[in-house]
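K.L.:
Quick one: this structure, given as structure tokens, is what I'll be asking you about.
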Amino acid sequence: MNLSPRAETILMGVYEDRQRLADMDMHAADRQSARLKGQHRLDIIRARQGLVPLDLAGWLDREPTPSERVMFHHEQVRLEGLGVLERHNLSGGRRTTHLRLTAEGERLARELLGVDEAAEVGTVNLDEIEFLPIELPGENGKGA
């Protein structure tokens, strides 16, 4: 699939933000106000469901210009049409507040970032691992 630099920025940004947020400690904001603590936990829960807040400034490492905001919006619509991204509004309006990668979007983001699937936490299949017995001193008849 031929992706523009904007599309790559979106896919990589959503993937990295999701991983970062999902890996956060649920209790890291316990000493904050109830509102901040609740927002922190909600961000983590949503990230674990695949929903990531739209953070264009974070992905660009600077504030986007108004025209960049429009261009990135058009790119999100295009990516949604290609089936690699879902746009969501969790506040009841018309604007996109959160993004979610589809399975194809996840594959593309991993490819762009060079992420090995086996290196990801939670992807280890224990049925494929051979466990060997541990010999303790005294069990092999030689004594301790």
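Numbering (the numbering used here), first residue to last: 2 to 145. Every residue gets a Cβ at the ideal spot worked out from N, C-alpha and C, and that includes glycine.
#1: If you reduce the DSSP assignment to three classes, tell me which class Val116 lands in.
#2: Tell me Val53's beta-bridge partners as DSSP assigns them.
#3: Look at the alpha carbon of Ile11 and the alpha carbon of Gly106, and state the distance between them as a whole number of angstroms.
#4: Using the Cα positions of Gly51 and Leu133, report the straight-line distance between them to the nearest angstrom.
#5: Within 10 angstroms of its Cβ, does Arg96 collect 16 or more other Cβ (buried), or is it exposed?
#6: Pick helix, strand or coil for His28, following the three-state DSSP scheme.
#7: Arg19 to Leu100, Cα distance in whole Å?
#8: If you check the beta carbons only, do Ile45 and Leu80 fall under 7 Å apart?
#9: In chain order, what residues of the same chain lie with their CB nearer than 8 Å to the CB of Glu76, ignoring the 5 residues before and after it?
#10: Rank Leu43, Arg63, Val15 by C-alpha distance to the C-alpha of His28 and give the top, closest one.
#11: If you follow the alpha helix (DSSP H) that Glu81 is in, where does it begin and where does it stop?
P.N.:
According to the data block:
#1: Within the sequence shown, residue 116 is the residue found at index 115, counting from 1. If DSSP states are grouped into helix, strand and coil, Val116 belongs with coil.
#2: The count along the sequence shown starts at 1 and reaches residue 53 at position 52. BP columns for Val53 point to Leu100.
#3: Locating residue 11 in the sequence shown gives position 10, where the first residue counts as 1. Locating residue 106 in the sequence shown gives position 105, where the first residue counts as 1. Going from the Cα of Ile11 to the Cα of Gly106 covers about 10 Å.
#4: On the sequence shown, residue 51 is found 50 positions in, with the first residue counted as 1. On the sequence shown, residue 133 is found 132 positions in, with the first residue counted as 1. Near 36 Å, if we compare the C-alpha coordinates of Leu133 and Gly51.
#5: Numbered from 1 along the sequence shown, position 95 holds the residue referred to as residue 96. Around the CB of Arg96, fewer than 16 other CB atoms lie within 10 Å, so the residue is classed as exposed.
#6: As a working note, residue 28 is residue 27 in the sequence shown. The answer is coil: DSSP assigns His28 none of H, G, I, E or B.
#7: Here the question's residue 19 lines up with position 18 in the sequence shown. Here the question's residue 100 lines up with position 99 in the sequence shown. Each residue's alpha carbon lies about 10 Å from the other.
#8: The residue labelled residue 45 in the question sits at position 44 within the sequence shown. The residue labelled residue 80 in the question sits at position 79 within the sequence shown. The answer is no: Cβ separation not under 7 Å.
#9: Here residue 76 refers to the residue found at position 75 when the sequence shown is read from its first residue. Within the same chain, Glu76 has close Cβ partners Ser5, Arg7, Ala8, Ile11.
#10: For the purposes of this step, residue 28 is taken as residue 27 along the sequence shown, with counting starting at 1. Minimum Cα-Cα distance from His28 among the listed residues Leu43, Arg63, Val15 corresponds to Leu43.
#11: Reading the sequence shown from its first residue, position 80 is the one you call residue 81. Start and end: 67-82.
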